[in-house]
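Residue numbering for the sequence shown follows the numbering used here, starting at 114 and increasing by one per position. A virtual CB, placed ideally from N, CA and C, is assigned to each residue, including glycine. Below is one structure, written out as structure tokens, with a few remarks after it.
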Amino acid sequence: MARQWIQVTGAREHNLKNVDVKLPRNELTVITGLSGSGKSSLAFDTIYAEGQRKYVESLSAYARQFLGQMQKPDVDGIEGLSPAVSIEQRTAGSNPRSIVATTTEIYDYLRLLFASIGKAHCYACWKPVTSQSAEEMVEQLMALDSGRRLMILAPLVRGRKGEHVEVFEQARRRGFVRARVDGDLVELESVPKLAKTRKHSIEAVVDRLVMDAEVRSRLTDSVELALREGHGLMVALVEMPDGAWEEHAYSEQNACTDCEISFDPFEARHFSFNSPYGACTTCHGLGTQLIFDESLMVPDRSVAWTKAIHPLRYGGRRVVIYYKKLLEGLSQAYGIDANVPYEALSDEFREVLLRGSGSVEIEYYMRRRLQRRPFEGVIPMLMRRLEDNESEGMSHWLRDYMIRQACPGCAGARLQPAVLACRVQGRNIREIIGDSVWDAAHFFEGLRLSDQEEWITRDILKEIRSRLGFMVDVGLDYLTLDRESGSLSGGEAQRIRLATQIGAGLVGVVYVLDEPSIGLHQRDNDRLIQTLRELRDLGNTVIVVEHDEQTIRTADYVIDMGPLAGFEGGEVVFAGPTKKLLEADTLTAAYLRGDRVVEVPARRNRSKRGWLELKGATANNLKRVNAKFPIGLFTCVTGVSGSGKSTLVDQTLKRILGQHFNGSKDLPGAYKEVRGLDLADKMIVIDQSPIGRTPRSNPATYTGAFTEVRTLFASLPASKIRGYKPGRYSFNVKGGRCERCKGDGILKIEMHFLPDVYVPCEQCQEKRYNRETLEVTYKGLNISEVLSLSIQEATDYFEAVPKIARKLQMLCEVGLGYLKLGQPATTLSGGEAQRVKLASELSKRSTGRTIYILDEPTTGLHFADVHKLLEVLERLRDEGNTVIVIEHNLDMIKRADYVVDMGPGGGINGGRLVASGTPEQVAACEASYTGQYLKELL
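Written as structure tokens, this is what we have:
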């Protein structure tokens, strides 16, 4: 009989202290605890890592070389483990070709649906296409001018991988002499060997003719033979007056008799914007194009037009001189004074300046020689410069003057006109993926098909409907299917992967999820919990790292990590059924019982310094939103998922402030007016992104404390005698670091078919510095030993050095005293990274006029951590700063001075300001979902 428990023995990954714990199989287990207490170390770095490693090790050595090898976690053993799947809260990547429909595989089934039962229409006249006879094709070709050369081809292979030796052999046996292979004519007696892994197209040359009235009979025979060999398809190559050959496709099945246009029979690949057979030929399936934007190129329109265009004034002395001479010539040719302000130019001359002079030539001197040619135009010149240059830095600099706009060829639809003219129940594939998940689900539920079509597509429609249903269940009904994956939040991307996994229907798997409730409003939480139960009921073990109270209360089993965080955590303080947790002596239990609570303020602060007002915001789903934020107070922006919170704050307000205070080039969403910018002097965004991408970054380097520590060590007498500068104490540069490990303290040994092994550096014994550097000490400790101190210990150690002590004290105040001073940034959780950033801001001198913007800062935070975070944010407010937070956490909302609630629903049902005011005023609004949940706490 299969084991009923997953037994973890001796887990020591990161801060885990030889943990022994068991988790029930085929149940929903929640692992909770303070930020940094070891939850992720147990769930992801131990259980998931070992499950994945064991599965990969079961494969052959050949297969393993193509897979990412996983190092064995520091654990004595895990029994009862099944193959593991991790669903983390990372974003879905930034590839613009990845959209919600492709990520969930819904688009693959849509392509099959349209290829199976789609009704083709002519994209020129929109009439249904019909079959075309060989006689009609001959009539069209006979209309060509006499003397025009013509080639008739029979398609044998269209875009298929392989060497296709048997295709060539068969064509030779059938009497063909030549073929066109990937666009090139070849003799069949000497065909080059084709690459096995590339896609190829092969057409047999049936006949070559010169058109006149006498060739009708021969042409008819050739067309009929080509259609026979090409299974109803034929290609005609017609020589044009300039000597080039123009290709025309003909089909016995799909043709418009009025417009004389033939179409290939539709296959699934024609509906893919990642395939050359379906992708728009202008944007190659991206749906957008980068274009140079006048407002970015000319930031100050009051400057003389010859000096106003930024990209022409920078980029090297020779380039600048060349552009200067060109503009002088343009000035003389059109009689426009070089000192006229850009804003005073006529529309006609501005068009010439930006787009070119056409056939009108200008004269200019270059290297003392007179040049005469049409003026190319600023935008075509810069576009050519972007395409021709090989410098990544230059390309990046030029793109700063560009914006992305819808492709003029397909209007953002990504596909070719013929593909978009194919319809199912009157709608093309682009119109369907433009729907929200909710609307698409309703469309497919109400789809009316003939009996034959129903039989053909029953399996396809079953998959589409079930996947859409799962997305509704995890609270993503507001997303449109064409939404780019890169624009999704970590929580949304995770729930998409969750819906995909449920659709896969796997059984006997260990699923490990990282806070799936992130970004979900309380209203949507019930559906998510029901989805987790469904995943469990399929016969899977579901392990969830979570802080959400509702999820904890509905779990079958709870593991509470603690008692505190960092080196004071890493232990299991409770493991058992959820009901018994309420009897335990843990922080989590105290908050669940109500022994500890986040108190409602005795009185609300009122705005005394005015308002930051945003009017007429219409980006994405916003419907002319007028919102105001009190200066000097703490504001929460709330609402259900997809209601427009991020669009209002991140895509509109934050970018307006970024342009005003920081000179940012990110364009804000559409809005009418903003007021109150003069009431602040800067804007700072504090998010949960990592404080560094490499182990060399740590809390000391990020806050600047390590710079002061290095300066202190360089000022010691021993350093001065040896001539050591602050750089001597950096592990990033040569001099003081250990050169064997380059300051990493560890060495990587590549094992090829086995995971890479990391071993301590024998030369420095993981101390990162060389022996001479470590001989210098301050108060008995060398630089390596200082980095090993906890931040709390280091605060006491540097008590006599205010510059260092102040920065470290702030880290302690935000609850990070348990971290090591030199702890690699890559080991910090999102919540810890955010609090490091907050501490860094708090340690700076405050002007009391800063606007702080935070997006869901409670992500990854325990009830007790939320309490600490609130104290930090309220401290920023008490210094006179303005704090604007996007948040779902009710404890944070009830402590806010002001609430802006968006909704009422998500997607097209949202985008309105439902309520604004104090939490009590929002709670009194019956239309507000946030208010309904808030009312219970106030």
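Continuous beta strand (DSSP E) stretch holding residue i: start and end
i       : result
Arg271  : 262 to 274
Asn739  : 738 to 743
Pro1032 : Careful: Pro1032 lies outside any beta strand (DSSP E), inside the alpha helix (DSSP H) at 1032 to 1036.
Trp239  : First-last for Trp239: undefined, no H or E at that position.
Ala349  : 346 to 352
Gln120  : 118 to 124
Arg788  : 786 to 788
Asp133  : 132 to 137
Thr972  : Segment: none, Thr972 is in no beta strand (DSSP E) and carries neither H nor E.
Thr145  : 141 to 146
Alpha helix (DSSP H) segment containing residue i, residue limits
i       : result
Gly585  : Residue identity differs from the one stated: residue 585 is Val in this sequence, not Gly. Note, Val585: alpha helix (DSSP H), 564 to 586.
Leu467  : 460 to 468
His509  : 505 to 512
Phe227  : 219 to 230
Lys692  : 691 to 694
Ala292  : Segment 291 to 294 is the beta strand (DSSP E) holding Ala292; no alpha helix (DSSP H) there.
Met1015 : Here Met1015 belongs to no alpha helix (DSSP H); instead the beta strand (DSSP E) covers 1011 to 1016.
Pro493  : 491 to 501
Lys751  : The sequence as given places Thr at residue 751; Lys does not occur at that position. Element bounds for Thr751: not the alpha helix (DSSP H) but the beta strand (DSSP E), 747 to 752.
Ile434  : 430 to 447
Ala174  : 174 to 177
Assigned exposure category for residue i - 16 Cβ within 10 Å defines buried
i       : result
Ala174  : exposed
Ile862  : exposed
Gln117  : exposed
Phe680  : exposed
Leu1047 : buried
Leu677  : buried
Gln831  : Contrary to the premise, residue 831 reads as Ala rather than Gln in this sequence. Exposed, because fewer than 16 other Cβ atoms sit within 10 Å of the Cβ of Ala831.
Glu365  : buried
Gly840  : exposed
Tyr478  : exposed
Gly400  : buried
Tyr871  : exposed
Ser956  : buried
His555  : exposed
Asp297  : exposed
Ile434  : exposed
beta-carbon residue i near the ligand MN non-hydrogen atom, thresh 7 Å
i      : result
Leu574 : Only the bare structure without any ligand can be found here, which leaves the ligand MN out of the picture.
Bridge-paired residues (DSSP) for residue i
i      : result
His313 : Arg273
Asn367 : Phe376
Gln484 : Tyr477
Phe84  : Given a span of 114 to 1051 for the chain in the structure shown, any question on residue 84 remains unanswerable.
Phe687 : Asp673
Candidates the options: closest to residue i by CA position
i      : options                        : result
Ala938 : Lys981, Ser802, Val242, Ile896 : Ser802
Arg125 : Gly1020, Val685, Phe227        : Val685
Ala162 : Ser756, Ala702, Val623         : Val623
Ser843 : Asn811, Ile834, Tyr871         : Asn811
Glu954 : Ala421, Leu941, Val985, Lys575 : Val985
Arg884 : Gln643, Gly849, Glu898, Ser956 : Gly849
Cys372 : Asp637, Leu860, Tyr236         : Tyr236
Pro196 : Ser470, Val625, Ala913, Ala292 : Val625
Leu338 : Tyr514, Phe289, Phe488, Leu601 : Phe289
When the Cβ atoms of the region 134 to 150 are set against those of the region 969 to 978, are three or more pairs found closer than 8 Å?
Cβ pair count under 8 Å is three or more, so yes.
Taking one C-beta from the region 263 to 280 and one from the region 342 to 352 each time, how about it: are there three or more such pairs within less than 8 Å?
Yes, the region 263 to 280 is in contact with the region 342 to 352.
Are the region 814 to 822 and the region 917 to 931 touching by the rule of at least three beta carbon pairs closer than 8 Å?
The answer is yes - the region 917 to 931 touches the region 814 to 822, with three or more Cβ pairs under 8 Å.
Given 8 Å, three or more beta-carbon pairs between the region 1024 to 1036 and the region 731 to 739
Contact holds: three or more Cβ-Cβ distances are below 8 Å.
Within 8 Å, do at least three Cβ pairs link the region 127 to 138 to the region 680 to 700?
Touching, per the Cβ criterion.
Under 8 Å, with one C-beta from each stretch per pair, do the region 378 to 394 and the region 521 to 531 reach the 3-pair mark?
Proximity of the region 378 to 394 to the region 521 to 531 meets the contact definition, three or more beta-carbon pairs being nearer than 8 Å.
Using 8 Å as the cut-off, can you tell me whether the region 777 to 787 makes contact with the region 1028 to 1047, which would need three or more C-beta pairs spanning the two stretches below that distance?
Output reads no: the region 1028 to 1047 does not touch the region 777 to 787.
At a cut of 8 Å, does the region 134 to 144 reach the region 697 to 710 through at least three beta carbon pairs?
No: fewer than three Cβ pairs fall under 8 Å.
Would you say the region 652 to 659 touches the region 608 to 627, given that touching needs at least three Cβ pairs under 8 Å?
Yes, they touch.
Between the region 299 to 319 and the region 268 to 284, do at least 3 Cβ pairs fall closer than 8 Å?
In short, these stretches touch, since the Cβ pair count reaches three.
Take every Cβ of the region 320 to 339, pair it with every Cβ of the region 301 to 310, and state whether three or more of those distances are shorter than 8 Å.
Short answer: they don't touch.
Decide if the region 405 to 424 is in contact with the region 447 to 462; the criterion is three or more beta carbon pairs, one per stretch, under 8 Å apart.
With contact defined as three or more Cβ pairs closer than 8 Å, the region 405 to 424 and the region 447 to 462 are in contact.
Check whether the region 577 to 597 touches the region 548 to 564, counting contact only when three or more Cβ pairs, one atom from each stretch, lie closer than 8 Å.
Touching, yes.
Could you say if the region 349 to 367 and the region 215 to 225 meet the contact criterion of at least three C-beta pairs nearer than 8 Å?
Contact fails: fewer than three Cβ-Cβ distances are below 8 Å.
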